[in-house]
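The structure appears right after this line, and notes come after that.
Number of protein chains: 2
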Amino acid sequence: MKQVYFYSQLLFSCVIFIWSNKADAQEKMKYLDAAQSDPVKMGWMVGSPPPQDRIPRFDDGSFFQFPALRWSVAHMRQFMPTVNVSRGLGASASFATNIKSNIDKVQFVPLGETKAITWEESLQKVYVDGVIVMHHGKIVYEKYFGALKVDGQHAAMSVTKSFTGTLGIMLAKEGLIDTTKTVSHYIPELENSAFGDATVRQVMDMTTALQFSEDYADPNAEIWKFSAAGNPLPKPKDYDGPKTYYEYLPTIKKNGVHGESFGYKTVNSDVLGWIIARVTGKTIAEVLSEKIWRKLGTEQDAYYSVDAIGTPFAGGGLNFGLRDMARFGQLILNNGKAGKEQIIPKSAIDDIRKGGSKKAFAKAGYTLLQGWSYRDMWWITNNDHGAFCARGVHGQVIYIDPKADMVIVRFASNPIAGNGANDPYSLPAYDAVAKFLLSSK
Amino acid sequence: MKQVYFYSQLLFSCVIFIWSNKADAQEKMKYLDAAQSDPVKMGWMVGSPPPQDRIPRFDDGSFFQFPALRWSVAHMRQFMPTVNVSRGLGASASFATNIKSNIDKVQFVPLGETKAITWEESLQKVYVDGVIVMHHGKIVYEKYFGALKVDGQHAAMSVTKSFTGTLGIMLAKEGLIDTTKTVSHYIPELENSAFGDATVRQVMDMTTALQFSEDYADPNAEIWKFSAAGNPLPKPKDYDGPKTYYEYLPTIKKNGVHGESFGYKTVNSDVLGWIIARVTGKTIAEVLSEKIWRKLGTEQDAYYSVDAIGTPFAGGGLNFGLRDMARFGQLILNNGKAGKEQIIPKSAIDDIRKGGSKKAFAKAGYTLLQGWSYRDMWWITNNDHGAFCARGVHGQVIYIDPKADMVIVRFASNPIAGNGANDPYSLPAYDAVAKFLLSSK
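If you're matching them up, the sequences are chains Z and E in order. The numbering used here numbers the first residue of the first sequence as 1 and each following residue consecutively. The numbering used here numbers the first residue of the second sequence as 442 and each following residue consecutively.
This is the structure we're talking about:
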């Protein structure tokens, strides 16, 4: 039982929680390609009952193994308990469209390669499930593949963190959170943990110094304890560890000096989620609903996965529709304004866009992300377009390019979790589309 | 582990799956009243984390114990995996309203009592969470209590069955199902079970003769095996029974002669759900979405609870918003038409309204439901208003009174599961409101 239990943790955690900067694009060679692994063609969950080998399962972790993963990311609710982020009952905001099918022909040279490929070809390289490009506030490109439909929802993975960070800086600008205060000021339960003397700002920029290993080869790595704690299934009888996110977070020890190095660790987002819950007296699902989702003209409810006591997974548990992700991206690009309403204070967006410490970021050693920084749980490229983004494993992204007045949102199910596998086909693709749009009418 | 597991089954099954006709109104005396048990006032799931004694849990069954039950029925998704019934992305159909607050003062004498009470007082007697009265297609009364909000969803319990039955008769009228054929014609896997030689019609009217005990005092009763099979949690290591609904249903044995007696047994609805899935090649969630939910102008997605392989619980797993339940009830009253669209063939509604065998129904011995019958998984009163209804444990109802051109929909969280506890305060209340509306302009 224990073995099965932790096995399920292994698979679940590996892919949901973690940004791996060691991912090797070569690894992809051993996987079916996008067309071969199309989840509809593969017939996952078709039949009453479906064939045994076409039923992804949560308890043994098979739901998150490629290629079943490609079906599961569009159906996360069927595997686990969740909490709604209500859009309310109002009308959705309609999109203006100005489809530019020529985008498919835009060419670029993938990082580390020499031969140009087209945007259209790149979609298959990163196993895209859905992608929208917005330009001047209009949809200029929109496609769905495999198991994702326009009215479906998809796992946002670590794009969730940027929502948590956005809510955090919103509450700071509203005066509910003082980012210079220590975490323990808001969450006394964390006083004796690594977070006790970290500032909220350090948590928001992930410059906390944590003893938190994500080495999957090490059975004692903290990541196992974190994911076991957050798993909503009943714990095995002999399990004596933390049983919820809130029980786990106080156990994290300090390792080093806060504020010096960027360290991308999911638990920071969950600590910020806890602070948001504490200062508002509401769950982060309710806060997201009230402050953004109900005001934005979204067309579908969003949802979070939850732990055994219903705490939303602020570090990676959010799911929503692609068009609603586009609405959110456009809101950020528009400095927090949608229509005539200032939903997010402009000062909060300014805070995100000014970026974090490049020096601290450089210490993390992302070879493909030279010169980037991290602020309010957003990735800041510091390129000459002022682009910044939200990123999640398996290829989820919100990419905002202010100079090109462009937003790209994408759901994907790349067999490789780490964005190192997506970036060579994504970062230059975004630039090429931005240039194409800047040069088109 | 096993004990805990089956304990959770016990609580979960007792209240979700079963209509108890033995419920005793006196039993209610030992419970907190509606005001005392208000789930918002009790503070369930408030705090980060909430207090230990304010966290309803799925694995130990506490989520479905009164008074936590009152919070849980409005948050079922937080406890278990579910599948969406998409409304699509279109605009919702707006309601005309003509609020008649005088309904609160309508008086009636509860069954078995001598003193009249008002409609308003009756709401507390049955622990109402939300209620809408429609008259001439307009909302004339709408109230929410406790944990249910206008944009929330609530468990429909066995009201689910009437959706399953409605889809069944729709598919029959479309020629996809022949109700005179045996179940085994559609589901060969059921050939050696009680259902093998039962007709689809007998399943739809629950006149199958099944060895299916719902005696909770008997640890060998079939209800335990059914609920253990359908529980989405991983099975205990030593569990060797059926692991899904589709594995369980073929094990049901025959006991008697089909077609003679009405026997309200949830498994009939799950067999009909299986037939619907088989003939359409889709899950019942998809069929409900395509045939009704997307066409009706609903304002929220609905959802089903599912078993370990994602099969929706066709006998009791549906959840949706109160206004959407009103839309559905109005659709049935309008002979399947919403606006200008004939969503359900009128012949299907005619089939429901003509009712089932009164003789077969009488054998079941419901003392409060003299002269009623059961058809297409709807309860037919055969009263002089031609009223018929969908009913679920703990007080869920869609009550349709054609003569009064009235629909009443209600979500509730009565501590007593069986409708025997609700009927004395409900059936005469519906009649009194119908008379009031008939006499008002």
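C-beta: ideal position from N, C-alpha, C; glycine also.
Whole angstroms is fine: what's the gap from residue i's alpha carbon to residue j's?
i, j, result
"Z/Asp-178", "Z/Trp-372", "25 Å"
"E/Ala-515", "E/Ser-599", "15 Å"
"Z/Ser-193", "E/Ser-668", "43 Å"
"E/Asp-864", "E/Pro-551", "9 Å"
"Z/Arg-201", "E/Leu-713", "57 Å"
"Z/Asp-324", "Z/Asn-334", "15 Å"
"Z/Ile-398", "Z/Ala-387", "10 Å"
"E/Gly-593", "E/Ile-793", "29 Å"
"Z/Asn-84", "E/Lys-800", "46 Å"
"E/Lys-463", "E/Gly-553", "Per-residue confidence for E/Lys-463 stands at a pLDDT of 39, beneath the threshold of 50, marking its modelled position as unreliable; the derived number appears in the next sentence. Between E/Lys-463 and E/Gly-553, the C-alpha separation is close to 16 Å."
"E/Gln-811", "Z/Gly-315", "57 Å"
"Z/Gln-330", "Z/Leu-288", "16 Å"
"Z/Gln-36", "Z/Thr-114", "26 Å"
"E/Ile-580", "E/Lys-541", "9 Å"
"E/Gly-606", "Z/Leu-427", "52 Å"
"E/Pro-731", "E/Lys-622", "According to the sequence shown, residue 731 of chain E is Glu rather than Pro. One C-alpha to the other measures close to 25 Å."
"E/Asn-661", "E/Val-708", "17 Å"
"Z/Thr-160", "E/Thr-752", "29 Å"
"Z/Asn-98", "Z/His-136", "10 Å"
"E/Asp-742", "Z/Ala-91", "14 Å"
"E/Gly-609", "E/Ala-718", "10 Å"
"E/Ile-664", "E/Asp-656", "8 Å"
"E/Gln-506", "E/Lys-471", "14 Å"
"Z/Pro-250", "Z/Gln-211", "12 Å"
"Z/Gly-356", "Z/Arg-375", "5 Å"
"E/Ala-862", "Z/Arg-327", "48 Å"
"Z/Arg-410", "Z/Leu-322", "7 Å"
"E/Ile-841", "E/Met-847", "6 Å"
"E/Gly-833", "E/Asn-860", "8 Å"
Return the chain-ordered list of same chain residues with a C-beta closer than 6 Å to the C-beta of residue i, the five sequence neighbours on each side being excluded.
i, result
"Z/Asp-436", "Residue identity check: residue 436 of chain Z is Phe in the sequence provided, not Asp. Only Val-106 meet the Cβ criterion."
"E/Leu-879", "Ala-845"
"Z/Tyr-248", "Phe-226, Ala-229, Pro-242"
"Z/Asp-307", "Gly-230, Pro-232, Thr-244, Tyr-245"
"E/Tyr-866", "Pro-551, Ser-563, Lys-566, Val-567"
"Z/Pro-39", "Arg-70, Trp-71, Gly-146, Ala-147"
"Z/His-258", "Ala-198, Gln-202, Thr-208, Ala-209"
"Z/Arg-54", "Gly-43, Trp-44"
"Z/Ala-25", "At Z/Ala-25, the pLDDT of 46 sits below 50, so the modelled position is not reliable and the matter cannot be decided from this model."
Report the CB separation of residue i from residue j in whole angstroms; it is logged as a contact under 8 Å.
i, j, result
"Z/Ser-347", "Z/Lys-173", "5 Å"
"Z/Asp-129", "Z/Phe-145", "6 Å"
"E/Ser-603", "E/Ala-831", "3 Å"
"Z/Tyr-430", "Z/Ile-416", "No, Z/Tyr-430 and Z/Ile-416 are not in contact; Cβ-Cβ is about 19 Å, not under 8 Å."
"Z/Ile-332", "Z/Trp-274", "Actually they do not touch by this definition, with Cβ atoms about 24 Å apart."
"E/Phe-536", "E/Met-521", "Between E/Met-521 and E/Phe-536 the Cβ distance is about 31 Å, and since that is not below 8 Å, they are no contact."
"E/Ala-597", "E/Gln-837", "5 Å"
Using a Cβ-Cβ cutoff of less than 7 Å, which residues in the same chain neighbour residue i once the five nearest sequence positions on both sides are dropped?
i, result
"Z/Glu-142", "Ile-132"
"E/Gly-697", "Ala-650"
"E/Tyr-518", "Reading the sequence as shown, one finds Arg at residue 518 of chain E and not Tyr. Around E/Arg-518: Tyr-744."
"Z/Ser-440", "Lys-100"
"E/Met-818", "Lys-602, Ser-603, Thr-605, Gly-606, Met-645, Ser-710"
"E/Phe-504", "Pro-497, Arg-498, Ser-513, Phe-520"
"Z/Asp-350", "none"
For the ligand COA, is there any heavy atom lying closer than 7 Å to the beta carbon of residue i?
i, result
"E/Glu-688", "The model on display carries no ligand, and the ligand COA is accordingly not part of it."
To which residues of the same chain is residue i closer than 8 Å at the C-beta, ignoring the five residues directly before and after it?
i, result
"E/Leu-617", "Val-720, Thr-721"
My parser needs the beta strand (DSSP E) runs of 3 or more residues fully inside the region 324-407 of chain Z; what are they? Taken in chain order, the unbroken stretches of beta strand (DSSP E) that lie wholly in the region 324-407 of chain Z and span 3 residues or more are 373-375, 378-380, 388-392, 396-401.
- Decide yes or no for the touch test of the region 283-299 of chain Z against the region 337-356 of chain Z: beta carbon pairs closer than 8 Å, at least 3 of them. Segments in contact, yes.
Practice prompt. Note down, one range per segment and in chain order, each beta strand (DSSP E) of at least 3 residues found wholly within the region 58-125 of chain Z.
Written response: Every beta strand (DSSP E) stretch that sits fully inside the region 58-125 of chain Z and reaches 3 residues is listed by chain position as 82-85.
Q) Counting pairs of Cβ atoms below 8 Å between the region 261-270 of chain Z and the region 490-497 of chain E, do you hit three or more? A) No, the region 261-270 of chain Z is not in contact with the region 490-497 of chain E.
Note to self: Whether or not the region 277-286 of chain Z and the region 376-393 of chain Z are in contact is what I'm after, with contact meaning three or more pairs of Cβ atoms, one per stretch, closer than 8 Å; do they touch?
What the structure shows: Because the criterion of three Cβ pairs below 8 Å is not met, the region 376-393 of chain Z and the region 277-286 of chain Z do not touch.
Within the region 247-287 of chain Z, ranges of the alpha helix (DSSP H) (whole runs, at least 4 residues): Entirely contained in the region 247-287 of chain Z, the alpha helix (DSSP H) runs reaching 4 residues are, in chain order, 267-280.
- Give, in chain order, every unbroken run of the alpha helix (DSSP H) that is at least 4 residues long and sits entirely within the region 579-617 of chain E. Runs of the alpha helix (DSSP H) lying entirely within the region 579-617 of chain E and spanning at least 4 residues, in chain order: 600-614.
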